[in-house]
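Here is the structure we will look at.
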Amino acid sequence: MNDSTGPQSASQRGLPLVGEPRPERADARRNRLRVLEAADRLFTEQGVKNVSLDAIAAAAGVGKGTVFRRFGDRAGLAVALLDEREQELQARILTGPPPLGPGAPPVVRVMAFLDAYLDLLDRHVELFMDSENASDGARYRIGSYHLWHRHLSHLIEAARPDLDADYTAHVFLAPLAADLHSALRTQGFDLERTKAGLQAIATNLLGP
0 MNDSTGPQSA SQRGLPLVGE PRPERADARR NRLRVLEAAD RLFTEQGVKN VSLDAIAAAA
60 GVGKGTVFRR FGDRAGLAVA LLDEREQELQ ARILTGPPPL GPGAPPVVRV MAFLDAYLDL
120 LDRHVELFMD SENASDGARY RIGSYHLWHR HLSHLIEAAR PDLDADYTAH VFLAPLAADL
180 HSALRTQGFD LERTKAGLQA IATNLLGP
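In this text, residue positions in the sequence shown follow numbering that gives the first Met the number 0: the first is 0, and each later residue adds one.
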């Protein structure tokens with residue numbers, strides 16, 4: 000069920016299928032990607048709340064009006080950036096090379112997903128926190144959570160048919176909550192330590 004407390008992002012409606020056609024002119028797509036890349040860099044360097052649309056437009060080499068017409072405001076741009084990065088991860092899972100993509104053993108693919116998701120989360124933790132905490136329980140209603148859960152559930156079922164795959168997938172996703180990741184980083188946990196902890200959980204539950 001989707002969150003109905005306000006306007007929904009694409010991730011709240013459910014990520015589009017890879018390859019789904021988008022009626023977008025080539026020049027419009029180029030501008031959109033330039034804006035998203037500039038926003039990605041500036042948000043990472045300065046924090047989302049410290050970056051203006053003017054700065055993003057200047058970094059992207061487009062007019063502020065172009066950014067405003069396409070994304071509305073900084074919050075809309077942040078949502079679009081997170082959606083774009085989640086769709087990229089989805090594409091790598093569905094059609095990319097192994098071990099993240101098809102072709103590797105299920106346990107290896109679980110490990111690869113956890114690493115890839117943590118890389119994405121660590122880079123965009125502020126965006127994830129805004130998305131997951133938009134309302135009570137929002138994290139568990141957005142389409143991307145259901146997508147990652149379904150992916151893990153299938154792999155877990157293939158690796159350990161004796162486990163409750165649906166529940167175990169939630170267990171793997173629980174430590175990937177943005178507020179927990181942010182708190183751990185504040186406490187001095189570096190990314191490699193977090194990855195190692197999740198890898199140990201996966202190995203203990205699913206086997207090497």
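Glycine included, every Cβ here is placed at the ideal spot set by N, Cα and C.
{"Asked": "C-alpha distance - Leu41 paired with Pro160, whole-angstrom precision", "Found": "45 angstroms"}
{"Asked": "Reference Leu52, options Ala74, Thr185 and Leu32, closest by Cα", "Found": "Ala74"}
{"Asked": "Proximity below 9 angstroms, CB of Arg91 to CB of Ala54", "Found": "no"}
{"Asked": "At least 3 beta-carbon pairs within less than 8 angstroms: the region 117-124 vs the region 173-190", "Found": "yes"}
{"Asked": "Span of the alpha helix (DSSP H), counted from its first residue to its last, around Pro105", "Found": "Pro105 to Arg122"}
{"Asked": "Start and end residues, alpha helix (DSSP H) containing Val47", "Found": "Element bounds for Val47: n/a, residue is neither H nor E."}
{"Asked": "DSSP state of Val61 mapped onto helix, strand, coil", "Found": "coil"}
{"Asked": "Cβ neighbour criterion (16 or more within 10 Å) applied to Ser134", "Found": "exposed"}
{"Asked": "Meets three-Cβ-pair contact criterion under 8 angstroms: the region 29-36 and the region 75-86", "Found": "yes"}
{"Asked": "Proximity of Thr185 and Arg122 at Cβ, strictly below 9 angstroms", "Found": "no"}
{"Asked": "Burial state of Arg166, where buried means 16 or more other Cβ atoms lie within 10 Å", "Found": "Checking the displayed sequence, the identity of residue 166 turns out to be Tyr instead of Arg. By the neighbour-count rule (16 or more Cβ atoms within 10 Å), Tyr166 is not buried but exposed."}
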